[in-house]
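Colleague: Numbering (the working numbering), first residue to last: 642 to 862.
Where is the CB? At the ideal position from N, CA and C, for every residue including glycine.
1) Any chance the stretch 801-811 sits against the stretch 758-771, with 3 or more Cβ pairs inside 8 Å?
2) Buried or exposed for residue 685, going by 16 or more other Cβ atoms inside 10 Å?
3) Once DSSP output is grouped into helix, strand and coil, what is the label at residue 825?
4) Any contact between the stretch 790-800 and the stretch 826-844? By contact I mean 3 or more CB pairs, one from each, below 8 Å.
5) In terms of residue numbering, what span does the beta strand (DSSP E) encompassing residue 745 cover?
6) How is residue 830 classed by DSSP in three states: helix, strand or coil?
7) State yes or no: is the C-beta of residue 843 within less than 8 Å of the C-beta of residue 656?
8) List the DSSP bridge partners of residue 653.
9) For residue 717, which of 862, 827, 787 and 738 has the nearest alpha-carbon?
10) Would you please state the rounded distance, in angstroms, between the beta carbons of residue 662 and residue 811? I believe it to be under 8 Å.
11) I'd like to know if the stretch 812-827 and the stretch 695-711 are in contact, where contact means that at least 3 CB-CB pairs between them fall below 8 Å.
12) Starting from the N-terminal side, write out each stretch of the beta strand (DSSP E) that is 3 residues or longer and does not extend beyond the stretch 703-783.
13) Can the beta-carbon of residue 773 be found closer than 8 Å to that of residue 824?
14) Pull up the DSSP beta-bridge partners for residue 690, would you.
15) Do residue 829 and residue 788 count as a contact pair if the criterion is CB distance below 8 Å?
16) Spatial neighbours of residue 692 within its chain, please: CB distance less than 7 Å, with the 5 preceding and 5 following residues excluded, ordered by chain position.
17) Going along the chain, which residues of its own chain have a beta-carbon closer than 6 Å to the beta-carbon of residue 841, five neighbours each way excluded?
18) Going by the CB atoms, is the gap between residue 793 and residue 644 shorter than 8 Å?
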């Protein structure tokens, strides 16, 4: 598989098989992803992979915890999201819940599905990425490059992922359970494993805005 194929095949998977990647596979994935570009070669990521009892310890703690107080730094989207982003987000959510037959008015079922984030959607491996809170916007861009590298490599190697901003809402619990050193804060999590291809929720294929809506080409003949 080449990079172009991995780009087309990568997607957010929210149901996994019990089969777990080996320790060597996870180590190799995390290590190879660190070839990602970073400004000044700061490599501003700190990464923890969890499986077995360590994974259960975290997911149990999240199940018993309350989310942190809302603030801009732990939200996945800006408050009062504007167009066209509001419509894109709304459609993506509606398309997701259609795959598992949960109507908009069934808020309890939607919240139950949301809570599955805290179980890494049943994935046998959970990855948490941390950043020094003193880092700035440019280093958060670098974290995104690391994330994309990790997910594309996982796709190339036959594994599935789901990136999760959810974990920032439980940052205090995550940092306490995993004993994150000061001043590191959780940036995002990644569910990692092998896709359950029979799960209806994995039929979702998020669409993309037309090229002309977000891109320009100038000076080309």
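Modeller: Result, derived from the coordinates:
1) yes
2) buried
3) strand
4) yes
5) Looking at the DSSP string, residue 745 is not in any beta strand (DSSP E), and its letter there is neither H nor E.
6) strand
7) yes
8) 802
9) 827
10) So it is not a contact: roughly 24 Å between Cβ atoms.
11) yes
12) 766-773
13) yes
14) 768
15) yes
16) 661, 765 and 766
17) 740 and 741
18) yes
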